[in-house]
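Chains as they are written, first to last, in numbering that gives the first Met the number 0: chain A, 0 to 148; chain B, 0 to 147. Glycine included, C-beta positions come from ideal geometry on N, C-alpha and C. All values derive from a computational prediction rather than experimental measurement.
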Amino acid sequence: MLNKRKQRGQVLIVIFVTTLLIGGSISVMSSDAVGGRAISDLRKDVIHVVQDEARRNDIGSVLDDMEKARKKIGDQHADNAKRWLELLAGHDSTRQQFDDLATAVEVENRQQRNDFVGLRFRLRDLMSEDEWRKLFPPPQAPDPIALHP
Amino acid sequence: MPFRRSLYSWIAVAFFVAGCATHPEPPADTIRKEMAALRDAIDKAVKDPERAEQARQQSVAMETDLLALEQAVYQSSIELRALNARPDASRADFDAALDKFDGTRANLRQRIVDQHLALVASTTADEWKALFPYESRAMLASVRIPQR
């Protein structure tokens with residue numbers, strides 16, 4: 000059970016980063032919610048894996064920052080989704096409008112990407128290699144749901 | 000156009016909430032299903048045979064690129080998960096992986112926008128109203144992250 004939770008924690012970090020990458024408003028989807036749940040799972044797992052209380056507290060602060068980042072990113076993605084859908088729906092939408100939105104989203108994406116990868120490394124710096132491996136085991140076989148024919 | 004803005008806000012929220020739910024269906028299947036439905040809708044909504052054929056051709060090209068985008072998202076999530084698991088992974092490793100995915104995504108997005116504009120150009124405003132929901136659902140499926 001714990002192992003399953005750890006795997007979700009692993010998914011959290013990466014899915015989160017991946018979500019940012021998509022950047023465009025069409026990327027608004029489930030991963031944000033999955034990320035939120037996984038952060039709480041990760042928080043629980045840290046209690047078992049990291050024995051030192053001071054470091055646990057510091058890790059908690061980084062996870063707090065990750066949750067704040069998640070919320071901000073979620074808000075930006077929701078706004079971008081709305082703008083993207085408006086353009087898709089409009090029969091008179093122009094290429095320039097799509098390009099303008101894409102450019103703005105890429106600027107956001109770059110910033111979000113840098114911020115979130117920075118948080119990942121802050122978290123990494125607070126753990127030993129062994130602790131990191133326990134919290135973030137390598138991915139196993141792909142989920143059949145996600146398999147492609 | 001406050002009503003139109005409000006309507007799209009609700010659509011965006013609906014897609015967002017729908018996206019947060021568990022999807023038992025693989026994203027690739029959703030893309031194929033919605034694009035097939037789009038072609039059926041084109042047959043019904045676009046009465047001019049020449050324009051209908053143009054629209055169908057664009058939808059086929061778009062389906063190919065949406066599936067490629069979905070594959071890129073999936074592959075990227077696997078690669079990043081593996082990278083994150085490595086305690087010795089460097090910032091440069093992350094930047095390289097993310098740059099690779101960003102480049103693929105930007106190229107595909109450009110092509111998909113081209114196909115979208117060509118598809119829309121082959122319809123009237125009224126016809127497009129009937130077709131838009133299928134296209135938008137397929138697009139959202141293409142960027143759905145695999146859940147596990």
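Proximity below 8 Å, CB of residue i to CB of residue j
i         : j         : result
Glu62(B)  : Met34(B)  : yes
Ala129(B) : Arg104(B) : no
Val116(A) : Phe93(B)  : yes
Val48(A)  : Glu130(A) : yes
Ala60(B)  : Gln109(B) : no
Ala54(B)  : His90(A)  : no
Ile38(A)  : Met65(A)  : yes
Leu125(A) : Asp57(A)  : yes
Arg112(A) : Leu100(A) : no
Ile95(A)  : Leu86(A)  : Before going on, a small fix: residue 95(A) reads as Gln here, not Ile. No, they are not a contact pair.
Ala117(B) : Gln57(B)  : yes
Asp114(A) : Ala77(A)  : no
Chain A contact residues for residue i, given Cβ-Cβ distances below 8 Å
i        : result
Ala50(B) : The displayed chain sequence assigns Arg, not Ala, to residue 50(B). Under the 8 Å cutoff, chain A gives no residues; its nearest Cβ is about 13 Å from Arg50(B).
Nearest-angstrom Cβ-Cβ length linking residue i and residue j, presumed shorter than 8 Å
i         : j         : result
Leu65(B)  : Ile30(B)  : 5 Å
Asn83(B)  : Arg54(A)  : That belief does not hold up - the Cβ atoms of Asn83(B) and Arg54(A) are roughly 19 Å apart, past 8 Å.
Arg121(A) : Val61(A)  : 5 Å
Asn79(A)  : Val104(A) : 6 Å
Pro86(B)  : Arg42(A)  : Actually they do not touch by this definition, with Cβ atoms about 20 Å apart.
Nearest candidate by alpha-carbon position, reference residue i, set the options
i         : options                                      : result
Leu135(B) : Asp101(B), Leu37(B) and Ala96(B)             : It should be pointed out that residue 135(B) corresponds to Ser in this sequence rather than to Leu. The residue with the shortest Cα to Cα distance from Ser135(B) is Leu37(B).
Ala120(B) : Val45(A), Ser92(A) and Gly117(A)             : Ser92(A)
Ser76(B)  : Arg85(B), Leu97(B), Val59(B) and Gly102(B)   : Leu97(B)
Arg109(A) : Ile72(A), Leu134(A), Glu52(A) and Ile38(A)   : Ile72(A)
Pro48(B)  : Leu139(B), Asp28(B), Thr122(B) and Pro132(B) : Thr122(B)
Contacts of residue i in chain A (Cβ-Cβ under 7 Å)
i         : result
Leu116(B) : Arg94
Ser135(B) : Leu84 and Leu87
Ala124(B) : His90
Val59(B)  : Here the premise fails: no neighbours, minimum Cβ distance about 17 Å.
Proximal chain B residues relative to residue i, where beta-carbon distance stays under 9 Å
i         : result
Ala101(A) : Ala105, Arg108, Gln109 and Val112
Listed by chain order, chain B residues near residue i by CB distance under 7 Å
i         : result
Arg132(A) : Pro86
Contacts of residue i in chain B (Cβ-Cβ under 8 Å)
i         : result
Glu128(A) : Pro86 and Asp87
Arg119(A) : Asn83 and Phe93
Next on the checklist: Beta carbons nearer than 7 Å to chain A: which residues of the region 79 to 94 of chain B have them?
Outcome noted: Within the region 79 to 94 of chain B, the residues whose Cβ lies closer than 7 Å to some Cβ of chain A are Leu79, Arg80, Ala81, Asn83, Ala84, Pro86, Arg90 and Phe93, listed in chain order.
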